[in-house]
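**Student:** One structure is given below, represented as structure tokens, and several questions about it will come after.
Numbering (full-length UniProt numbering), first residue to last: 1 to 289.
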């Protein structure tokens, strides 16, 4: 055997030599090949919760994390069918995922979300605070109920899930990735409530990166540009919309973003390749700002 030539060395038709915890061992080649594939997955053995992952950006993030080997909890508030569809797509692609209902703005729901996650997977490593709501309303027409609705999910929900996550991370630490918005840089009229919540997300990210660093917990924010999803389409935002066309014209890379554009960056931040990255607000916007 020559273990210096590659991580897997075929010795005969039945057995392969593989490195296991620094020692080379002879095992069945089919199992060895499976181990090699899993070992190449950057998030193999990790468990992630993605809030608001029944569709859109959240579903894209969940799929991206699963593709890198993470076991993913697809959280949803009310769209059970959408969450189950996301789980089915992940499982079909060879990944691991379950769906758990919880309103992130309710502390009892949040506690249950983490309890069920630990019960299913025995550990927890990555939190993606993606759940969010929005509505475009001019300030003079903005009602208290709508303002509270957006802050309850976008800000309070993020704080509740992060607080609970800290209680469940192992001594190895963990990664919190908040989904903000490049909208905090665009000053779009009638978006004052939503922009205020996402501005809060940016500030929370910076504060918690400093506060949680000693616990080996990294906190970053990913701020997408214009991403068309099922939700935005239902609200009338399409590629043909004058508003969207205007934003694309201001985007240096000259195109709309995709959920995969966001998911890939979130996944990178969740891996050990980003182990020295915290307190960063990363705009995934094609240069739009």
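Virtual Cβ for every residue (Gly too), placed ideally from N, Cα, C.
Using a Cβ-Cβ cutoff of less than 7 angstroms, which residues in the same chain neighbour residue 264 once the five nearest sequence positions on both sides are dropped?
**Tutor:** As a first step, residue 264 must be located in the chain shown, where it is residue number 264. Result list for residue 264: 64, in chain order.
**Student:** Alpha helix (DSSP H) containing residue 85: first to last residue?
**Tutor:** As a first step, residue 85 must be located in the chain shown, where it is residue number 85. Start and end: 80-92.
**Student:** Hey, could you find the ends of the alpha helix (DSSP H) residue 174 is sitting in?
**Tutor:** Taking the first residue of the chain shown as 1, we reach residue 174 at position 174. From DSSP, residue 174 is part of no alpha helix (DSSP H) but of the beta strand (DSSP E) over 174-179.
**Student:** Grouping DSSP H, G and I as helix and E and B as strand, with all else coil, what is residue 224?
**Tutor:** On the chain shown, position 224 is the one that residue 224 refers to. Strand.
**Student:** Take residue 209 and list the residues in its own chain whose beta-carbon comes closer than 6 angstroms to its own, dropping the five residues that flank it on each side.
**Tutor:** In the chain shown, residue 209 corresponds to position 209, counting from 1. These residues qualify, in order along the chain: 219, 278, 279.
**Student:** Compute the beta-carbon to beta-carbon distance between residue 57 and residue 226, rounded to the nearest angstrom, for a pair I have assumed lies under 8 angstroms.
**Tutor:** The residue labelled residue 57 in the question sits at position 57 within the chain shown. The residue labelled residue 226 in the question sits at position 226 within the chain shown. About 12 angstroms; that fails the 8 angstroms criterion.
**Student:** If we ignore side chains and look at the alpha-carbon of each, how far apart do residue 157 and residue 251 end up?
**Tutor:** Counting from 1 along the chain shown, the entry for residue 157 is found at position 157. Counting from 1 along the chain shown, the entry for residue 251 is found at position 251. When rounded, the distance between both Cα atoms is 31 angstroms.
**Student:** Of all the options 184, 130, 169, 193, which has the alpha carbon lying nearest to the alpha carbon of residue 142?
**Tutor:** Working through the chain shown from its first residue, we reach residue 142 at position 142. The shortest C-alpha separation from residue 142 is found at 193.
**Student:** Going by DSSP, what residue range makes up the alpha helix (DSSP H) through residue 57?
**Tutor:** Translated into positions along the chain shown, residue 57 becomes position 57. Unbroken alpha helix (DSSP H) run through residue 57: 56-67.
**Student:** Do you know whose CA, among 284, 238, 249, 95, lies nearest residue 266's CA?
**Tutor:** By one-based count along the chain shown, residue 266 stands at place 266. Ranking 284, 238, 249, 95 by Cα distance to residue 266 puts 284 first.
**Student:** Does the structure place the region 240-247 close enough to the region 195-208 that three or more beta carbon pairs sit under 8 angstroms?
**Tutor:** no
**Student:** Name, in chain order, the residues that DSSP records as bridge partners for residue 47.
**Tutor:** Taking the chain shown and counting its residues from 1, the one referred to as residue 47 is at position 47. Paired residue(s): 71.
**Student:** For the alpha helix (DSSP H) that contains residue 150, what are its first and last residues?
**Tutor:** Reading the chain shown from its first residue, position 150 is the one you call residue 150. That run of the alpha helix (DSSP H) goes 144-151.
**Student:** Would you report the Cα separation of residue 50 and residue 125, rounded to the nearest angstrom?
**Tutor:** The residue given as residue 50 occupies position 50 in the chain shown. The residue given as residue 125 occupies position 125 in the chain shown. Each residue's Cα considered, the two are about 11 angstroms apart.
**Student:** Please report the distance separating the alpha-carbon of residue 171 from that of residue 111.
**Tutor:** Counting from 1 along the chain shown, the entry for residue 171 is found at position 171. Counting from 1 along the chain shown, the entry for residue 111 is found at position 111. Cα-Cα distance, rounded: 20 angstroms.
**Student:** Is the beta carbon of residue 282 less than 8 angstroms from the beta carbon of residue 187?
**Tutor:** Locating residue 282 in the chain shown gives position 282, where the first residue counts as 1. Locating residue 187 in the chain shown gives position 187, where the first residue counts as 1. No, these two residues do not count as a Cβ contact at 8 angstroms.
**Student:** Between residue 259 and the rest of its own chain, which residues show a CB-CB distance below 6 angstroms, the 5 nearest in sequence each way excluded?
**Tutor:** Locating residue 259 in the chain shown gives position 259, counting from the first residue. These residues qualify, in order along the chain: 57, 60.
**Student:** With H, G and I counted as helix, E and B as strand and the rest as coil, what does DSSP make of residue 159?
**Tutor:** Looking up residue 159 in the chain shown gives position 159. It is helical.
**Student:** Is it right to say residue 127 is buried, meaning 16 or more other beta carbons lie within 10 angstroms of its own, or is it exposed?
**Tutor:** Here residue 127 corresponds to residue number 127 of the chain shown, with the count starting at 1. Counting C-beta atoms within 10 angstroms of its own C-beta, residue 127 has 16 or more neighbours from the protein chains shown and is therefore classed as buried.
**Student:** What ranges does the alpha helix (DSSP H) occupy inside the region 245-271, keeping only unbroken runs of at least 4 residues that lie completely in it?
**Tutor:** Secondary structure in the region 245-271: the alpha helix (DSSP H) runs of 4 residues or longer, each lying completely within the stretch, are 259-270 in chain order.
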